[in-house]
Amino acid sequence: MLYKRDTRLEHTAKLAADVHPYAAENCSETLVVQKKILIVDDSPSQVRLMQGLLETEGYQPVGLNDPRRIEEIITAEGPSVILLDVVMPERNGFQVCRELKSNTKFNAIPVILVTSKDTPSDRYWGEQQGADGYVTKPFTREELLRAVRRFA
Amino acid sequence: MPNSNVLIVTDESEFARLLTACWQAERQAPGITVLGSDLWSEHEEIEHELVVVGPLRESKLSEVLKSLAPATAVILCAPAEPRELSQLRSRCPRLVHIPLREDWTQTLLLVAGESLRRSEALRAVRQAEKKASRNEHHATLGRYMIDMKHSVNNALTSMLGNAELLLLEPGQLSQQSLAQIKTIHSMALRINEIMQRFSSLATEMREAENASQAETADAFLSRPHRR
C-alpha cells in the first residue's frame with residue numbers, strides 16, 4: 001500500500017535550491033517545496049506515525065508497506081531520503097539497502113535504517129550494506145528528525 | 153590420563169606389582185586399584201574406565217567377567233583357551249586378550265593407553281552433547297526474547313511517537329487529556345529504559361558466556377596429550 005498526503009508548506013528559495021539548484025532562479029516568495037521522504041515499513045501504524053512526525057517539520061512523506069515495490073516507487077516519486085525498516089517479510093531492509101546501493105540509478109539517495117535491531121553487530125551490518133544512517137526504535141520525534149535533517 | 157581409573161584384578165601379587173611399577177614409570181599414570189578375587193564384589197561402586205584381569209585362582213575368571221557390565225573395557229592377561237576366549241568375548245565385547253609372553257607389560261600399557269584415551273574422548277563427547285543441548289535451550293529462549301523485544305520496541309515506538317504528536321498541539325486538548333498523554337509518554341519512556349537494561353544484561357551474559365567458553369577451550373588445549 002502506498003500512502004501519500006496532500007500537505008503543502010511554504011519554504012524559502014534557499015530550500016528550493018537544495019532540491020534543484022536551477023529552481024532558485026525561478027523561485028518566487030510563495031514557491032511550495034516539499035522534500036519527499038520515502039518510508040518503507042511493513043507496519044501501517046509505524047508508517048502513519050513517521051508520516052505524522054515528518055509532516056510536522058514540513059516534509060512530504062510517502063509511505064510504502066511492500067518493500068518489493070521500492071524501486072518502482074523511487075522512480076515514480078524521486079524521494080530525497082529513504083527511511084527503511086529492517087525486519088520485513090519477503091525482502092528485509094538489509095537486503096533492500098544492499099540492492100539500492102549497488103544500483104547506480106538509486107545509490108545516491110541516502111538510506112536511513114529505522115529498526116528495533118539495536119546491537120553493535122546490527123549497526124555494523126547496516127553500515128556494511130551501505131546505509132547512511134541508523135535510527136533505533138523506539139525513537140523520539142527529535143531523533144528521527146535529526147537523522148533526516150542530515151540529508152534533507 | 154590422571155583422571156582415569158584402572159582396576160587390576162589378580163591373585164598374583166607379582167603381576168600387580170610389576171604392572172603398577174611399569175605404569176608409575178610413565179609420565180601420566182591413571183589411578184590404580186588392585187583387588188584379589190576374594191575381595192572382588194559384584195557391587196563394586198568405584199567407576200573404572202578399564203579393568204585389567206591378571207592370573208586368578210581356578211574358576212574365578214568366569215565369575216569376575218560375568219559380574220562386569222558388558223560395556224566395560226577389559227584386558228585379560230591370563231592363560232585362556234581359544235574356545236573359552238570366544239565365550240568370554242561374547243559376554244564382554246570390549247575384551248582384549250594379551251598373552252603373558254615377553255614384553256607383555258609394554259603391550260598392555262599401549263593397549264590400555266588407547267583404551268583410556270577412547271574412554272576420555274567418549275566422556276568429552278557426552279559432556280559436549282549435554283552442553284550443546286543446554287545451549288540449544290538457551291538459544292531457543294534467546295530467539296524468543298529477540299522476537300518479543302522487536303514487538304515491544306515497535307509498540308513503544310507507536311506509543312511514544314503518537315503521544316509526542318498529540319503533545320505538539322497541546323491547545324487542542326483538555327487539561328485532563330494533556331496530563332493523561334504526558335503520563336502515557338513518560339511511562340513509555342520508562343518501559344524503554346527497562347528494555348535497555350534488559351539489553352545490557354543480555355550483553356553482559358553473552359560476554360560472560362564467551363569468557364567461560366574461552367576458559368574451557370584453554371583448559372582443554374593445555375591438557376597434556378600423549379601419543
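Chains V and E, in that order, are what the protein sequence lines are.
Numbered continuously in my numbering, the first sequence closes out at residue 152.
Numbered continuously in my numbering, the second sequence closes out at residue 379.
Glycine included, each C-beta is placed from N, C-alpha and C at the ideal position.
All figures in this text were calculated on a predicted structure; none of them were measured in a lab.
Secondary structure note for residue 228 of chain E: its beta strand (DSSP E) is the uninterrupted segment 225-228.
Taking a 10 Å sphere around the C-beta of residue 346 of chain E, we find fewer than 16 other C-beta atoms and assign the residue as exposed. Chain order gives the chain V residues near residue 309 of chain E as 46, 49, 116, 137, 138 and 139, where near means a beta carbon separation below 8 Å.
Where residue 247 of chain E is concerned, the enclosing beta strand (DSSP E) starts and stops at 247-249. In this structure residue 308 of chain E is in contact with residue 138 of chain V, their Cβ atoms being roughly 4 Å apart against a cut-off of 8 Å.
Linking residue 355 of chain E to residue 348 of chain E through their CA atoms gives a straight-line distance of about 11 Å. When C-alpha distances from residue 64 of chain V are compared across V/44, V/102 and V/140, the shortest belongs to V/44. When only Cα atoms are considered, residue 304 of chain E and residue 338 of chain E end up about 16 Å apart. Taking 3 residues as the minimum length, the beta strand (DSSP E) runs contained wholly in the segment 79-151 of chain V are 81-84, 111-115 and 133-136, in order along the chain.
Residues of the segment 304-331 of chain E with a C-beta atom less than 7 Å from some C-beta of chain V are 305, 306, 308, 309, 310, 312, 313, 314, 316, 317 and 320, listed in chain order. Residue burial annotation: residue 245 of chain E is exposed, with fewer than 16 other C-beta atoms found within 10 angstroms of its C-beta.
Between the segment 264-282 of chain E and the segment 78-86 of chain V there are fewer than three inter-stretch CB-CB distances shorter than 8 Å, so the stretches are not counted as touching. Close to chain E, meaning a Cβ-Cβ distance shorter than 8 Å, are the following residues of the segment 54-67 of chain V: 56. By the Cβ test, the segment 90-103 of chain V is in contact with the segment 127-143 of chain V, since at least three Cβ pairs between them sit closer than 8 Å.
In this chain, the alpha helix (DSSP H) harbouring residue 257 of chain E covers 256-320. Residue 93 of chain V is outside the set of residues whose beta carbon lies under 8 Å from a beta carbon in chain E. Exposed is the label assigned to residue 282 of chain E, since fewer than 16 other Cβ atoms lie within 10 Å of its Cβ. Residue 61 of chain V sits in a strand when the DSSP states are folded into three classes. Nearest C-alpha to residue 53 of chain V among V/107, V/67 and V/37: V/37. Counting C-beta pairs closer than 8 Å gives fewer than three between the segment 355-367 of chain E and the segment 330-337 of chain E, which falls short of the contact rule. Of the other Cβ atoms in all chains shown, 16 or more fall within 10 Å of the Cβ of residue 306 of chain E; this residue is therefore buried. E/247 is the residue among E/291, E/247, E/263 and E/178 whose C-alpha sits nearest the C-alpha of residue 214 of chain E. Exclusion of the five residues before and after residue 315 of chain E leaves 333, 336, 337 and 340 as the residues of its chain whose Cβ lies within less than 7 Å of its Cβ. Of the candidates V/56, V/50, V/42 and V/105, V/105 places its Cα closest to the Cα of residue 72 of chain V.
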